[in-house]
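Those sequence lines, one after another, are chains A and B. In terms of the working numbering, the first sequence opens at residue 1 and continues consecutively. In terms of the working numbering, the second sequence opens at residue 1001 and continues consecutively.
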Amino acid sequence: MAKVRDVCRHVRSKNAGPYWVTFDFFFDGPENFEKYHASPALAPDLFARLYGTDPALVKHIPVADLDMVKISYPRATPQGGVEERDMHSGQQYVRVLDVELD
Amino acid sequence: MDSRFADGVKVLVPTGSLGAGVREDEVAYGMARGVDAIASDAGSTDSGAAYLATGKSKNNRGAVKRDLRILMQAQAEHGVPIIIGTAGQAGGDLNLDWTRDIVLELAGELGIAPKIALLRCEQDKAVLKRLNGDGRVKPLPPLGPLDDATIDACDHIVAAMGVEPYVAALEAGADIILGGRSTDTAVLAAYPIWKGAPWGPAWHAGKTGECGAQCTEERESSGVLLTVKADGFEVEPLSETNFCTPHSVSAHMLYENTDPFRLIEPGGVLDVTRAHYEQCDRRTVRVTGSEWEKRPYTMKLEGAGGGKYQTLMLVGIQDPDVLNDIEGFHDRMLKVLNQRTRSAIPAEELGEFHISLRMYGWNGVTGQPVPAGTAPPPEICMMFVATADTQEIANSIAHACNPYFFHYPAVMDKELPSYGFAFTPADVPRGRVYEFKLNHVVEVDDWRELIRTEWIDLSETEQGTMQEAVNG
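This is the structure in structure tokens:
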């Protein structure tokens, strides 16, 4: 039973403009990249469930040379609204660290 | 290829953002390598909408002036142009004017007389409404079509510039170009493109250097040197102890981008799908295979406006009764504060309001429930945020809630607690909520439809002054 934190050497999240958030999952090597980058556990539904985004708009782009996958989604509310808690979305990645991949 | 472009061109990128701390030793190292231009952006949307909405800079004036002094001295000594984009954090007219005034002040202090181009990209609302009415404004996901009310809700609107206005200013002989909102990439790509560099490598070099030394292995240094050649580009840090690797350079395409292979820019798409990264000496990486796909010319609009007003209060809590039931305490407290507000302030005065409580040390960052069984923390910081139509009403809400926020008990039959507040008065009027309101592109036949170039030629001004003195 592998969690994201077990197979990635680094995970980060960051705003990509005021309307999008982008997650970078850097796997710990080519083996785990191949095994997990397309895991159904990282499908758009995860981002809809955790972050309230529209699953139809989630982008999933693997970068094999870097053993990483980039997943981007539109924020449920634009950056800087009345209830903003994470302007750069830089802390949002933490909630995926314990997601189980198999 | 343009005959002016022979052995490639060198662009010195002194910092990821003007005002962040240009290093004199790094600039000296770069200039000694034979730099052709100095380029840096001075802002972005990252820090939020306040800077575009208010026209104020995020960086303090002294820090920007300090950085500009180093660059303007190098410009005067070596005769190479300085290109600054997204001046004053947001690149609106007010942000640009603020930066212009610093440059003029420095020119006086340094005794130099550069020819300065100001590229203005702030947009007139009536013009935008007309373009929108003509169907030339298109939404980008997740937003929908633009309406006039949204345009009116913006305090300032800018159109992000590509390389063309910069190229035109270089062609007209600018020593210093101060640009309004621009894509970070364009600011760095403009000079090589003016010199006839191939567009793929020039744009990719620009993307690579946009955050200064972020594309290097050791981030404590500040700048990079980009060399754009006929078949690719090279990047090296300006600090001799720092180095680039194929990993550090290729990984930068991931940064703040939704797509690491295709970057949409005014007039085209940078495609790095087939880019190849190789180490060419200990500190330098060479990149080939970057491609530019020409597209119909579009410029991205950014608009920001001020909305409601907020007032804050903070307490620290170690009370075990609270920490043993943080969620329950939060919910009861929030209910009481809303009731108290409605009973203390007449509805017609209160208007629509909102109160939120952020429990830092528990779930302050997400606002989401923590996993069942999570142990109580040793303490939490509770932040109260009242949002209302005016600052006065937000303050009134905080004043009305004050005794409850500081003393509301977790267990009703005990003596009233006092939570730890750190200052008096205990409420902090925070100002407005600023939001971005546009995520749209506008199609133009010619960038000049939306961009205006102004010139300040200090050498002419000085000659003029001297002439007046002679005539007088």
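Where is the CB? At the ideal position from N, CA and C, for every residue including glycine. Here the structure is a predicted model, which means the values were calculated and not measured.
Non-local C-beta neighbours of alanine 1159 of chain B in its own chain, meaning closer than 6 Å and more than five positions away in sequence, comprise Cys1121, Gln1123, Met1299, Leu1301 and Leu1450, ordered along the chain. Under the 8 Å Cβ criterion, the stretch 1269-1281 of chain B does not count as touching the stretch 1312-1325 of chain B, having fewer than three qualifying pairs.
Using a CB distance cut-off of 8 Å, lysine 70 of chain A counts as an interface residue toward chain B. With a cutoff of 8 Å on beta-carbon distance, leucine 1178 of chain B and tryptophan 1194 of chain B are scored as not near each other. Counting the other Cβ atoms within 10 Å of the Cβ of threonine 1216 of chain B gives 16 or more, which makes it buried. Of the residues B/Gly1135, B/Asp1325 and B/Ile1264, the one whose Cα lies closest to the Cα of glutamate 1293 of chain B is B/Ile1264. Taking all protein chains shown into account, leucine 97 of chain A has fewer than 16 neighbouring C-beta atoms within 10 Å of its C-beta and is therefore exposed. Comparing alpha carbon positions, the residue from B/Leu1357, B/Glu1236, B/Thr1258 and B/Ala1426 closest to serine 1248 of chain B is B/Glu1236. Under a criterion of Cβ atoms nearer than 8 Å, the residues of chain B adjacent to arginine 85 of chain A are, in order, Arg1358, Gly1364, Val1365, Thr1366 and Gly1367. At least 8 Å separates the CB of alanine 1090 of chain B from every CB of chain A. What asparagine 15 of chain A touches in chain B, judged by beta-carbon distance under 9 Å, is Thr1045, Asp1046 and Glu1256, going in chain order.
DSSP places lysine 1138 of chain B inside the beta strand (DSSP E), whose first and last residues are 1137-1139. With contacts defined as CB atoms closer than 8 Å, glycine 1307 of chain B and glutamate 1392 of chain B fail to qualify as a contacting pair. By the Cβ-count criterion, lysine 1335 of chain B is exposed, with fewer than 16 other Cβ atoms from all chains shown falling within 10 Å of its own Cβ. Between aspartate 65 of chain A and phenylalanine 26 of chain A, the CB-CB gap reaches or exceeds 8 Å. Counted as a single uninterrupted DSSP element, the beta strand (DSSP E) harbouring threonine 1453 of chain B occupies residues 1452-1457.
The Cβ of glycine 80 of chain A sits closer than 8 Å to at least one Cβ of chain B. Taking a C-beta cut-off of 9 Å against chain B, the contacting residues of the stretch 87-100 of chain A are Met87, His88, Gln91, Gln92, Val94, Arg95 and Asp98, listed in chain order. Along the stretch 1423-1456 of chain B, going in chain order, the ones with a CB nearer than 7 Å to a CB of chain A are Val1433, Tyr1434, Glu1435, Phe1436 and Asn1439. Considering only B/Asp1134, B/Tyr1191, B/Leu1071 and B/Ala1202, the residue with the shortest C-alpha distance to aspartate 1271 of chain B is B/Ala1202. Interface with chain B (8 Å Cβ-Cβ cutoff): leucine 46 of chain A is excluded. Here the stretch 1240-1258 of chain B makes contact with the stretch 1215-1230 of chain B; the two share three or more CB pairs at distances below 8 Å. Taken in chain order, the whole beta strand (DSSP E) runs of length 3 or more contained in the stretch 1345-1382 of chain B are 1354-1360.
Relative to valine 1228 of chain B, the option among B/Val1035, B/Gly1431, B/Ile1082 and B/Val1027 whose CA is nearest is B/Val1035. Within chain A, the C-beta atoms nearer than 9 Å to that of histidine 1354 of chain B come from Val82 and Glu83, in chain order. Valine 1428 of chain B and leucine 1337 of chain B do not touch by the CB rule: their CB atoms are close to 16 Å apart, not below 8 Å. For serine 13 of chain A, DSSP records a beta bridge to A/Phe23. Counting the other Cβ atoms within 10 Å of the Cβ of leucine 1416 of chain B gives fewer than 16, which makes it exposed. Assignment of alpha helix (DSSP H) within the stretch 1384-1465 of chain B, counting only whole runs of 4 or more residues, yields 1391-1407 in chain order.
Shown here is that no member of the stretch 1148-1166 of chain B has a Cβ falling below 7 Å from a Cβ of chain A. At a beta-carbon threshold of 9 Å, none of the residues of chain A lie near lysine 1335 of chain B; the nearest stands roughly 17 Å away. In this structure, B/Pro1409 is the residue among B/Glu1256, B/Glu1352, B/Pro1409 and B/Ala1388 with its C-alpha nearest to the C-alpha of histidine 1330 of chain B. Straight-line measurement puts the Cα of isoleucine 1317 of chain B at about 40 Å from the Cα of glycine 1088 of chain B. Rounded to whole angstroms, arginine 1130 of chain B and proline 1369 of chain B show a C-alpha spacing of 47 Å. Contact annotation: tyrosine 1029 of chain B and isoleucine 1083 of chain B have beta-carbon atoms that are not nearer than 8 Å.
Residues of chain A with a Cβ closer than 7 Å to the Cβ of serine 1250 of chain B are, in chain order, Asp65 and Leu66.
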